[in-house]
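Please read the structure below before turning to the comments.
In the numbering used here, the protein residues as written are 360 to 921.
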């Protein structure tokens, strides 16, 4: 049966209804009557990496801190390769957006003076299990925001280097939807599922990052020729073993240290305790046969109860494990492990190369949240801040922008292509899953996955690149029974494009700047003289072209020039 299509028009298209996308839509609607469409491949009430909730807002300027000290913290933790202007503009807005989300009804913990209860210098304790429904309800208050749930966006509509909207498939109606816009915001989140995960088989989605964030926004931009940055700064999470639940709740909330099975505080043996180093030290201890833990044994009953409550707001499986095994944190130290690598701009600096207003190198396209590069440690509130920054920039210029429309024959060509994919008379899900597993196996073995203790070499990366190109070709041949299978074919394609760019970034940085995250076996040491710079890339005629960019200062208003 031939696919049907429809064309809709809007002023602003926001692709992705997660934290950044919802907040940007709200910021636009509060100050304008612009028509806004939020397209989400799930349902914005429980989509994105905050679907299960969150128990702290980890980017906040606490008492005695400032935007300047926040910038220094991020730079020091990220070995000085960050976009100072992006981090600084985020930092100046963190407390304001925190107050806004609390004003929307987010339950926040307060002390006897009514101040937010802090977890360390930069985190605010919250009861955030309902943060996404709360954002969705706020979006729903505005009549000029239309939410398109279960619409999987496939690619941008591009005319002469400018983005004129995007098209995708509706899993509810079975239609192909073409959305024409004056301005587009990409807020699709990062990429998981590129590497073989900790847990195999039916438990493969028991991972740290949302398994449904497949790098679609990155891949759309890559295929359209957008400049990307710092993919080589992978994020590898330090998590509670088996459940892959967050460790910061324990480490920061209780101020406990990492300890190995010999009872030794091991991190200091490897270097300064940055986020990558704490991860690297744990991986090295595991490689030497020593298990690693957070030293919780002996905490009070009240502290233990607080942990239960905190994890129920974010990762209830950890509480279930404690009760099922009887190994409560007050009685036993909590075992930790490292995850597979992810590409996620909210924790590291991977993503679109954007200017200070969050415009990408493609005209009329903004990138915010996990999909925007250059600004590590933005977390939830940093994503809110970027959504607000992009909204303000759009409001200042959209009156001068008309719709570009689609080129003649564009929609017909897209329909022909999609009709040629949805032709299978039977389910092809096994072949689709096999393609995903092949990709993950290649990346694990040849691009520094868990089995390689995150170490890679140029020789292995060459094997990885050729294999990923071969798998991409195989994926293009896959056919789908229905829209769901078609979506999964495109998810594979997106991950493969991200993997292709990632491999070239890993090859390009001839040093090891972030231990664990970017562990170059050929160049095991940091080289500040030659490599305190950004590794960027563009896809040109199917090949990844590497370009280098200098460090941007905090007070520079960076604009794209070439």
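We treat Cβ as the ideally placed atom computed from N, Cα and C, and that holds for glycine.
The DSSP-derived three-state label of residue 845 is helix. Excluding the 5 residues flanking it on each side, residue 750 has same chain C-beta neighbours closer than 7 Å at 383, 386 and 387, in chain order.
The bridge partners DSSP lists for residue 594 are 701. Considering only 920, 422, 630 and 527, the residue with the shortest C-alpha distance to residue 721 is 920. In chain order, 633 place their CB closer than 8 Å to the CB of residue 435, counting only its own chain and leaving out the 5 sequence neighbours on each side. By the Cβ-count criterion, residue 597 is buried, with 16 or more other Cβ atoms from all chains shown falling within 10 Å of its own Cβ.
The stretch 837 to 846 makes contact with the stretch 527 to 537; the number of CB pairs closer than 8 Å reaches 3 or more. By the CB criterion at 8 Å, residue 719 and residue 445 fall outside the cutoff. Excluding its 5 nearest sequence neighbours in each direction, residue 725 has C-beta neighbours in its own chain below 6 Å: 544, 717, 718 and 749, listed in chain order. The beta carbons of residue 511 and residue 846 sit closer together than 8 Å. Rounded to the nearest whole angstrom, the C-alpha separation of residue 740 and residue 406 is 17 Å. Looking at the DSSP output, residue 619 bridges to 651. When the alpha-carbon of residue 614 is set against those of 631, 621 and 654, the nearest one is in 654. The beta strand (DSSP E) runs of length 3 or more contained entirely in the stretch 656 to 737 are, from start to end of the chain, 693 to 701 and 724 to 726.
Inter-residue distance for residue 733 and residue 503 is about 32 Å (C-alpha atoms, whole angstroms). Put simply, the backbone Cα of residue 868 is about 22 Å away from that of residue 642. Pairing residue 560 with residue 601, the inter-Cα distance amounts to about 14 Å. DSSP lists 518 and 722 as the bridge partner or partners of residue 521. Residue 539 sits in a strand when the DSSP states are folded into three classes. Beta-bridge partners of residue 587 (DSSP): 711 and 896. In the three-state scheme derived from DSSP, where H, G and I count as helix and E and B as strand, residue 381 is classed as helix. In this structure, 440 is the residue among 440, 372, 408 and 397 with its C-alpha nearest to the C-alpha of residue 892.
Linking residue 432 to residue 420 through their CA atoms gives a straight-line distance of about 11 Å. Taken in chain order, no unbroken stretch of beta strand (DSSP E) lies wholly in the stretch 734 to 775 with a span of 3 residues or more.
Going by C-alpha positions, residue 430 is about 28 Å away from residue 625.
In the DSSP annotation of this structure, the continuous segment of the beta strand (DSSP E) that includes residue 371 starts and ends at 364 to 374. For residue 490, the uninterrupted alpha helix (DSSP H) run begins and ends at 490 to 499, by DSSP. Counting along the chain, no alpha helix (DSSP H) covers residue 565, and no H or E run does either.
Using a Cβ distance threshold of 8 Å, residue 534 and residue 364 count as a contacting pair. Taking a C-beta distance under 8 Å as the contact criterion, residue 393 and residue 757 qualify as a contact pair.
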